[in-house]
Amino acid sequence: MNTQQIVVDNAEAGVAVVAVHGEHDVYTAPSLREQLSSLVEDGTPVVVDLTPATFIDSSILGVLLGGLRRAREHDSGFALVIGDESEPTVRRIFEVTGLFPVFPVFSSRDEAVQAARSSSPE
Amino acid sequence: MTQTLSDVWLQVPALPESVAVARQALAGLCEALEVEPKILADVKLAVTEACTNCVVHAYGGEEPLTQNRIFEVEAHPDGSELQVLVRDFGRGIAPRAESPGLGLGLPLIAALSKAVEIRGAREGGAGTEVMMAFALTETLKGKK
């Protein structure tokens, strides 16, 4: 597997789960931005699962904030998963920037999918 | 005055793909020094942010990739500290209304490091240097 893979899983009915694997920074931010934009523009509720990520920086944080903003503009669901087994580095950037309360963050994918689905209109 | 450090020295093109190279080099040094995972995480994030500034801000997006469009990373353990210097040869720090980022890079570096100093690279020359110092143990950093 590509160590920087971004996997979009549409198995959850009506919700796209974007799993972010490995290390992500300014190099991979455009790819993630494109994925999220495309899903949000289609009105698809989105869950970004950061549990398999081993590193993210402020470029990725910017992409996630942009995704959240656009989802709200489209009245569409958007949630993050940061599991208990997530790398401390991933959790750390949310703590240091104080951005944890800004995002709907869940520790399991099921909870995040539920939240993203319920915050989108039928 | 420009300091010259030695234990890690990298000179790479100021391109997005170079940031991971610098991060991995610093991670390798930290692992060799057996620093704690939390400090390793802080070093990786701060160095990434400093290098990203070199890539995104130092040279302007329109300029072609030239031999001079590079950045350098130097790291040197000094007693209880790790000193890291990230240097570019670009246009210096200035406010950018069209900045593509969140503006979190330098605040993050300040929050994650024990000390940070930002200065013009060389007398009469172009560029910016970001000198960061990290405590090599949590105890020395004044935390539990």
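One line per chain: the protein sequences are E and H, in this order. With this note's numbering as the guide, the letters of the first sequence map in order to residues 72 to 193. With this note's numbering as the guide, the letters of the second sequence map in order to residues 147 to 290. A virtual CB, placed ideally from N, CA and C, is assigned to each residue, including glycine. Owing to the predicted nature of the structure, the values given are computational and were not obtained by experimental measurement.
Under the three-state reduction of DSSP output, residue 215(H) falls in the coil class, being neither helix nor strand. In summary, the residues of the region 251-267 of chain H whose CB is separated from some CB of chain E by less than 7 Å are 251, 254, 257, 258, in the order they occur in the chain.
Close CB contacts of residue 259(H) within its chain, under the 7 Å cut and outside five residues either way in sequence, are with 192, 278, 279, 280 (chain order).
Counting other Cβ atoms within 10 Å of its Cβ, residue 202(H) reaches 16 or more and is therefore classed as buried. A check of alpha carbon separations from residue 159(H) across 233(H), 265(H), 257(H), 184(H) identifies 233(H) as the nearest. The C-beta distance from residue 156(H) to residue 230(H) rounds to 11 Å, too long to meet the 8 Å contact threshold. Annotation: the continuous alpha helix (DSSP H) that includes residue 162(H) extends over 162-178. In the same chain as residue 181(H), and ignoring 5 residues on each side of it, the C-beta atoms closer than 6 Å to its own belong to 282, in chain order. In terms of beta-carbon proximity, residue 156(E) stays away from the interface with chain H, with every pair separated by 8 Å or more. When secondary structure is reduced to three states using DSSP, residue 228(H) falls in the strand class. If you compare the alpha carbons of 164(H), 168(H), 266(H), 162(H) with that of residue 154(H), the shortest gap goes to 168(H).
Counting along the chain, residue 90(E) sits inside the beta strand (DSSP E) bounded by residues 87-91. The region 96-108 of chain E and the region 125-139 of chain E touch, with no fewer than 3 CB-CB distances between them shorter than 8 Å. With 16 or more other CB atoms across the displayed protein chains lying within 10 angstroms of its CB, residue 199(H) is buried. As summarised for the region 114-145 of chain E, the continuous alpha helix (DSSP H) elements at least 4 residues long and confined to that stretch are 129-144, given in chain order. For chain H, the residues of the region 127-142 of chain E that bring a beta carbon within less than 8 Å of one of its beta carbons are 128, 129, 130, 132, 133, 136, in chain order.
The C-beta distance from residue 82(E) to residue 115(E) rounds to 13 Å, too long to meet the 8 Å contact threshold.
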